[in-house]
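> Below is a structure I'd like to ask you about.
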Amino acid sequence: MRALVLDTYDLCLLDRCPDSSHKRHRAHEILSANNHNYPHEENSPEGLEGTNRRFVAFNGGIDEPQLEWLRCSLEMARENEEKVIVFSHQPIHPDSTWPTCLVWNYDEVLDILRSYKDVIIASFSGHAHKGGYVRDEESGIHFRSVEAILESSPPIKTYAIVDVFEDKLVIRGEGDCLSDVYDIDHTKVKLKV
Numbered sequence: 419m420r421a422l423v424l425d426t427y428d429l430c431l432l433d434r435c436p437d438s439s440h441k442r443h444r445a446h447e448i449l450s451a452n453n454h455n456y457p458h459e460e461n462s463p464e465g466l467e468g469t470n471r472r473f474v475a476f477n478g479g480i481d482e483p484q485l486e487w488l489r490c491s492l493e494m495a496r497e498n499e500e501k502v503i504v505f506s507h508q509p510i511h512p513d514s515t516w517p518t519c520l521v522w523n524y525d526e527v528l529d530i531l532r533s534y535k536d537v538i539i540a541s542f543s544g545h546a547h548k549g550g551y552v553r554d555e556e557s558g559i560h561f562r563s564v565e566a567i568l569e570s571s572p573p574i575k576t577y578a579i580v581d582v583f584e585d586k587l588v589i590r591g592e593g594d595c596l597s598d599v600y601d602i603d604h605t606k607v608k609l610k611v
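Take the sequence shown: its letter number 24 is residue 442 in the working numbering, and every next letter is one higher.
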C-alpha cells in the first residue's frame, strides 16, 4: 500500500510563493488567461461557466515536475504490485465537488490517475468543506471530498478514519463526516494488509 500526497498549491498566488518565483508567475498567467475578473476580483468566478469556475486565486495547480513525479510513483507502484491512495487538498474530479473548488489542471491530473486505474483505489481531498463523492465511471476510482471541521458547530468534532482491508476501504466518519464503504474491485487484485 502506498499513499501519495499531491501539492495542489504547487502553482498558486498564495503568500507561500515569493512574488518573483516562476510558480507564482505561472499562476498569474493561468488566471489572466482564464478569468476575466482577475486581478481586480481574483476570487470571483462571476461570468465563468462550468468547470472554468475553478480559475480563482484561492485555488492552485500542479506543475509539470510534480506531475512527472506522480507518473513515476504510480509506475513504481504498478511494478511492485502496490495499491495507491492519493491525497490532496483540492479535489481532482469535477463530479466530487463544486467547480469553484477544483485544482486548476484537474483534467491533466485526472488523465494520469485514470491511466493507473489498476493501481489507484481512491483519492481523498478537502477544500470543498461540505464534502462530495463520485466513483469515476471510466476508471472505478473513488473520489471523496471530505467534510470539513470548519463547517461543524462546537462541540461537534468532524473527522474520519479510513480502515484498509484487502477488499475494501471503510470510512468511519465522526461528527458531520459521512461514513461509507468503498470496494476496490476495479483494481482486480486484493490488498496485502
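Think of the CB as a built atom: it goes at the ideal place given N, C-alpha and C, for glycine as much as any other residue.
(1) Where does Leu-451 sit, in a helix, a strand or coil, going by DSSP?
(2) Would you tell me roughly how many angstroms separate the C-alpha atoms of Leu-424 and Ala-540, rounded to the nearest one?
(3) For a quick check, are the C-beta atoms of His-511 and Leu-528 less than 9 angstroms apart?
(4) With a 10 Å radius around its C-beta and 16 neighbouring C-beta atoms as the bar for buried, classify His-454 as buried or exposed.
(5) Quick check on DSSP: helix, strand or coil for Leu-492?
(6) What span of residues does the beta strand (DSSP E) with Arg-562 cover, start to end?
(7) Kindly indicate which residue of Glu-555, Leu-596, Arg-444 and Lys-501 has the alpha-carbon position closest to the one of Lys-548.
(8) What does Asp-581 pair with, by DSSP beta-bridge criteria?
(9) At the level of alpha carbons, what is the spacing between Ala-566 and His-440?
(10) Compare the C-beta of Gly-549 against all C-beta atoms of chain C and say whether one is closer than 9 angstroms.
(11) Can you grab the Cα-Cα spacing for the pair His-507 / Arg-442, in whole Å?
(12) Helix, strand or coil: how does DSSP classify Ala-566 here?
(13) In chain order, what residues of the same chain have a beta carbon less than 6 angstroms from the beta carbon of Val-599, not counting five sequence neighbours either side?
(14) Where does Leu-429 fall in DSSP's three states?
Reading it off the structure:
(1) Sequence index remark: in the sequence shown, residue 451 carries index 33 (1-based). Checking the sequence shown, residue 451 turns out to be Ala, not Leu. Assigned with DSSP and collapsed to three states, Ala-451 falls in helix.
(2) Numbered from its first residue, the sequence shown carries residue 424 at position 6. Numbered from its first residue, the sequence shown carries residue 540 at position 122. Taking the CA atoms as reference points, Leu-424 sits about 13 angstroms from Ala-540.
(3) Translated into the one-based positions of the sequence shown, residue 511 becomes position 93. Translated into the one-based positions of the sequence shown, residue 528 becomes position 110. Result yes, Cβ atoms of His-511 and Leu-528 sit closer than 9 angstroms.
(4) As a working note, residue 454 is residue 36 in the sequence shown. By the neighbour-count rule (16 or more Cβ atoms within 10 Å), His-454 is not buried but exposed.
(5) The residue labelled residue 492 in the question sits at position 74 within the sequence shown. Secondary structure of Leu-492 (DSSP, three-state): helix.
(6) Counting from one through the sequence shown, the residue named residue 562 turns up at place 144. Arg-562 -> beta strand (DSSP E) spans 560-563.
(7) Taking the sequence shown and counting its residues from 1, the one referred to as residue 548 is at position 130. Residue Leu-596 is the option with its Cα nearest to Lys-548.
(8) Your numbering for residue 581 matches position 163 in the sequence shown. Beta-bridge pairing links Asp-581 to Val-588.
(9) Here residue 566 refers to the residue found at position 148 of the sequence shown. Here residue 440 refers to the residue found at position 22 of the sequence shown. Taking the straight line joining both Cα atoms gives about 31 angstroms.
(10) Going by chain labels, chain C is absent from the structure shown, which holds only one protein chain.
(11) Looking up residue 507 in the sequence shown gives position 89. Looking up residue 442 in the sequence shown gives position 24. Cα to Cα, His-507 sits roughly 18 angstroms from Arg-442.
(12) For the purposes of this step, residue 566 is taken as the residue at position 148 of the sequence shown. Of the three classes helix, strand and coil, the one that applies to Ala-566 here is coil, per DSSP.
(13) Translated into the one-based positions of the sequence shown, residue 599 becomes position 181. Taken in chain order, the residues that qualify are Lys-586 and Val-588.
(14) As a working note, residue 429 is residue 11 in the sequence shown. In the three-state reduction of the DSSP assignment, Leu-429 falls in the strand class, which pools E and B.
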